[in-house]
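**Student:**
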Ligand code: HEM
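Numbering (the numbering used here), first residue to last: 38 to 435.
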């Protein structure tokens, strides 16, 4: 989908630092009926237009008896705005500094000590543990063992993504999915709810209880955060580490830079390697857009995040080269569209950037740290996302 033209930059005419672009280009196939955005400006106007509704292909619009009790990602309009305002307090810079930062540091230290004791480890497993621990703190899934929580979330989410064409296979897959979801509910969600019924805490589950959510609705919201916050951050940490392992100058800049410079590097990597490659929106009625023109009712937009993030109008020259100074020069947001835009823009963006920075800053200071095996890259159709698996890192054993 993204135009794969060569850069017009005179200095880096053929430079292309992207690792996931080739895989994505071969796998991103919007349905013919969809209208695909091609530029940054088009993507922005679609994502910022309140008349275009969130839609996830393959999943029917969420139906609940009470529309205020559906997961945040499926809400739109005023209900969505109110929900986002209510959960905003869990994602403020103050919440990160006073509550989550200590969790990020403690968890990173623990995971890296374990790695050093073994002389290495699977980077994607380590990054998933970290992503689960941080997101679980925000959600309030803190009354069960964290290592078990990570594996239960992994199998529950994976079983939800299994695509089968034969009805019997579908039935079996659905039964398996429900078993995993039930196990996750009994071991992790139910104890967290019980603890918060006794005493509310400063987290999402406590907020949902105040709002009168049922146990099932809370389980579904927990799964939303798991998919939105845990799976994404796992991939991002591995992708950022892969770039830094392979680019000595960038790594030195990361290790010697201040926090702002480290964020600039991470955001620039995320611009080039967005986790969600495509977002979707639906026009319920006829509308007119300044860039895209008249849009008939029932149009589905496929918002091509990769194309938006490499549109020279927005990025300046050499859009396929890593340049941590780009956003400052272009007076834009460093991650461009990688966290979305408009009403549904990722509330966890700063959390993800902070935990990745905290972890990688420690990882790359571990004595003898090296990448023993590059990750295998595969594609997740349902999330239009790359997945990085089996990256092996090694270090001096303590
Ligand atoms: C590198 C990591 C991450 C990436 C790339 C990412 C990306 C995104 C994107 C693109 C969206 C917009 C979806 C849309 O418009 O359809 C989104 C929404 C969301 N993200 Fe993230 N995310 C990340 C981390 C997190 C974290 C750490 C959390 C929470 C702990 C989180 C929670 C959410 C939630 C709840 C939504 C739905 C918001 C809404 O619909 O209003 N994300 N994310």
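For each residue, glycine too, the CB sits at the ideal point set by N, CA and C.
1) Quick one: which unbroken alpha helix (DSSP H) runs of 4-plus residues sit fully inside the stretch 354-382? Chain order, please.
2) Is the stretch 261-281 in contact with the stretch 148-167, if contact means three or more CB pairs nearer than 8 Å?
3) By Cβ distance below 7 Å, which residues in the same chain neighbour residue 335 in space, the five residues on each side in sequence not counted?
4) Run the CB neighbour count on residue 119, radius 10 Å, all protein chains shown included, and call it buried at 16 or more, exposed below.
5) Does the distance between the C-beta of residue 389 and the nearest non-hydrogen atom of the ligand HEM fall short of 6 Å?
6) Which whole-angstrom value describes the C-beta separation of residue 62 and residue 324, a residue pair presumed to lie in contact below a C-beta threshold of 8 Å?
7) Is any heavy atom in the ligand HEM found nearer than 6 Å to the beta carbon of residue 150?
8) Using only the alpha-carbon positions, how far apart do residue 384 and residue 123 sit?
9) Distance check for residue 360 and residue 376, CA to CA, integer angstroms please.
10) In or out: residue 404 buried (at least 16 other Cβ within 10 Å) or exposed?
11) So does residue 319 have its beta carbon nearer than 6 Å to some heavy atom of the ligand HEM?
12) Indicate the three-state DSSP secondary structure (helix, strand or coil) for residue 321 in the structure shown.
13) For the beta strand (DSSP E) containing residue 338, name the first residue and the last one.
14) If I measure Cβ to Cβ from residue 54 and keep anything under 7 Å in the same chain, skipping five residues before and after, which residues do I get?
15) Let me check one thing: in DSSP terms, what residues is residue 332 bridge-paired to?
16) Excluding sequence positions up to five away, which residues of its chain have a Cβ less than 6 Å from the Cβ of residue 374?
17) Measuring only the C-alpha atoms, how far is residue 238 from residue 171?
18) Going by C-alpha to C-alpha distance, which of 58, 426, 167 sits closest to residue 267?
19) Would you say residue 370 touches the ligand HEM, meaning its beta carbon is less than 6 Å from a heavy atom?
20) Consider the C-beta atom of residue 312 and the heavy atoms of the ligand HEM; say whether any pair is separated by less than 6 Å.
21) Check the C-beta distance from residue 401 over to residue 292 and give it rounded, since I have them as a contact under 8 Å.
22) Could you pull the start and end residues of the beta strand (DSSP E) that residue 413 belongs to?
23) Three-state secondary structure (DSSP) at residue 422?
24) Any idea what DSSP makes of residue 409, helix, strand or coil?
25) Can you tell me the Cβ-Cβ gap for residue 381 and residue 91, rounded? I've got them flagged as a contact below 8 Å.
26) For residue 39, I'd like the list of residues in its chain whose CB is within less than 8 Å of its CB, leaving aside the five on either flank, ordered along the chain.
27) With C-beta atoms as the reference, is residue 94 less than 7 Å away from residue 257?
28) Classify residue 399 as helix, strand or coil using the three-state DSSP reduction.
29) In this structure, how does DSSP classify residue 171 when only helix, strand and coil are distinguished?
30) Less than 7 Å separating the beta-carbons of residue 218 and residue 193?
31) Quickly, what does DSSP pair residue 158 with across the bridge? List them, please.
32) By the three-class DSSP mapping on this structure, what secondary structure does residue 151 have?
33) Spatial neighbours of residue 331 within its chain, please: CB distance less than 6 Å, with the 5 preceding and 5 following residues excluded, ordered by chain position.
34) Return the first residue and the last residue of the beta strand (DSSP E) that residue 91 is part of.
35) Under the three-state reduction of DSSP, which class applies to residue 226: helix, strand or coil?
36) In the DSSP assignment, find the alpha helix (DSSP H) that holds residue 85 and state where it starts and stops.
**Tutor:** With the given structure in hand:
1) Whole alpha helix (DSSP H) segments, 4+ residues: 363-367.
2) Output reads yes: the stretch 148-167 touches the stretch 261-281.
3) Here the question's residue 335 lines up with position 298 in the chain shown. Taken in chain order, the residues that qualify are 320.
4) Position 82 of the chain shown holds residue 119. Answer is exposed; the Cβ neighbour count stays below 16.
5) Here residue 389 refers to the residue found at position 352 of the chain shown. Residue 389 Cβ: within cutoff of the ligand HEM.
6) Sequence index remark: in the chain shown, residue 62 carries index 25 (1-based). Sequence index remark: in the chain shown, residue 324 carries index 287 (1-based). The pair is not a contact, with the Cβ atoms about 30 Å apart (cut-off 8 Å).
7) Translated into positions along the chain shown, residue 150 becomes position 113. Residue 150 Cβ: outside cutoff for every heavy atom of the ligand HEM.
8) Residue numbering aside, residue 384 sits at position 347 when the chain shown is read from its first letter. Residue numbering aside, residue 123 sits at position 86 when the chain shown is read from its first letter. About 12 Å.
9) As a first step, residue 376 must be located in the chain shown, where it is residue number 339. As a first step, residue 360 must be located in the chain shown, where it is residue number 323. In a straight line, the C-alpha of residue 376 is about 19 Å away from that of residue 360.
10) On the chain shown, residue 404 is found 367 positions in, with the first residue counted as 1. Residue 404 sits exposed, since fewer than 16 C-beta atoms from the chains shown fall within 10 Å of its C-beta.
11) By one-based count along the chain shown, residue 319 stands at place 282. Every heavy atom of the ligand HEM is 6 Å or more from the Cβ of residue 319, so no.
12) Mapped onto the chain shown, residue 321 falls at position 284. In the three-state reduction of the DSSP assignment, residue 321 falls in the coil class.
13) Against the chain shown, residue 338 aligns to sequence position 301. Run containing residue 338: 337-341, per the beta strand (DSSP E) assignment.
14) Taking the first residue of the chain shown as position 1, residue 54 is located at position 17. Same-chain partners within the cutoff: 309, 357, 358, 359.
15) Here residue 332 corresponds to residue number 295 of the chain shown, with the count starting at 1. In DSSP, residue 332 forms a bridge with 324.
16) Along the chain shown, one-based indexing puts residue 374 at 337. Non-local C-beta neighbours of residue 374 in its own chain, meaning closer than 6 Å and more than five positions away in sequence, comprise 80, 342, 345, 346, ordered along the chain.
17) Position 201 of the chain shown holds residue 238. Position 134 of the chain shown holds residue 171. For residue 238 and residue 171, the distance between alpha carbons rounds to 16 Å.
18) Walking along the chain shown from the start, residue 267 turns up at place 230. Nearest option by C-alpha distance: 167.
19) Sequence index remark: in the chain shown, residue 370 carries index 333 (1-based). Outside the cutoff, so no.
20) Residue numbering aside, residue 312 sits at position 275 when the chain shown is read from its first letter. Proximity of the beta carbon of residue 312 to the ligand HEM is indicated: a heavy atom of the ligand is located closer than 6 Å.
21) Taking the chain shown and counting its residues from 1, the one referred to as residue 401 is at position 364. Taking the chain shown and counting its residues from 1, the one referred to as residue 292 is at position 255. Right, the Cβ-Cβ distance comes to about 6 Å (below 8 Å), so this counts as a contact.
22) The residue given as residue 413 occupies position 376 in the chain shown. Taken as a continuous stretch (DSSP letters only), the beta strand (DSSP E) holding residue 413 covers 413-417.
23) As a first step, residue 422 is located in the chain shown; it is residue number 385 there, counting from the start. In the structure shown, residue 422 sits in a strand (DSSP, three-state: E or B).
24) Along the chain shown, one-based indexing puts residue 409 at 372. Strand.
25) On the chain shown, position 344 is the one that residue 381 refers to. On the chain shown, position 54 is the one that residue 91 refers to. Residue 381 to residue 91, Cβ: 6 Å. Contact.
26) The residue labelled residue 39 in the question sits at position 2 within the chain shown. Unreliable placement is indicated for residue 39, whose pLDDT of 41 sits below 50; the coordinate value is still reported in the next sentence. Result list for residue 39: 58, 61, 62, 65, 341, 343, 344, 347, in chain order.
27) Within the chain shown, numbered from 1, the residue matching residue 94 stands at position 57. Within the chain shown, numbered from 1, the residue matching residue 257 stands at position 220. The answer is no: Cβ separation not under 7 Å.
28) The residue you call residue 399 lines up with position 362 of the chain shown. Here residue 399 sits in helix by DSSP.
29) The count along the chain shown starts at 1 and reaches residue 171 at position 134. For residue 171, the secondary structure class from DSSP, reduced to helix, strand or coil, is helix.
30) For the purposes of this step, residue 218 is taken as residue 181 along the chain shown, with counting starting at 1. For the purposes of this step, residue 193 is taken as residue 156 along the chain shown, with counting starting at 1. It is a contact, given that the beta carbons lie within the stated cut-off.
31) For the purposes of this step, residue 158 is taken as residue 121 along the chain shown, with counting starting at 1. Answer is 430.
32) Against the chain shown, residue 151 aligns to sequence position 114. Three-state result, residue 151: helix.
33) The sequence position of residue 331 within the chain shown is 294, counting from 1. 325.
34) Counting from one through the chain shown, the residue named residue 91 turns up at place 54. Taken as a continuous stretch (DSSP letters only), the beta strand (DSSP E) holding residue 91 covers 89-91.
35) Taking the first residue of the chain shown as position 1, residue 226 is located at position 189. In the three-state DSSP reduction, residue 226 falls in the helix class (H, G or I).
36) If you number the chain shown from 1, residue 85 lands on position 48. Membership of residue 85 in the alpha helix (DSSP H) is indicated by the continuous run 77-85.
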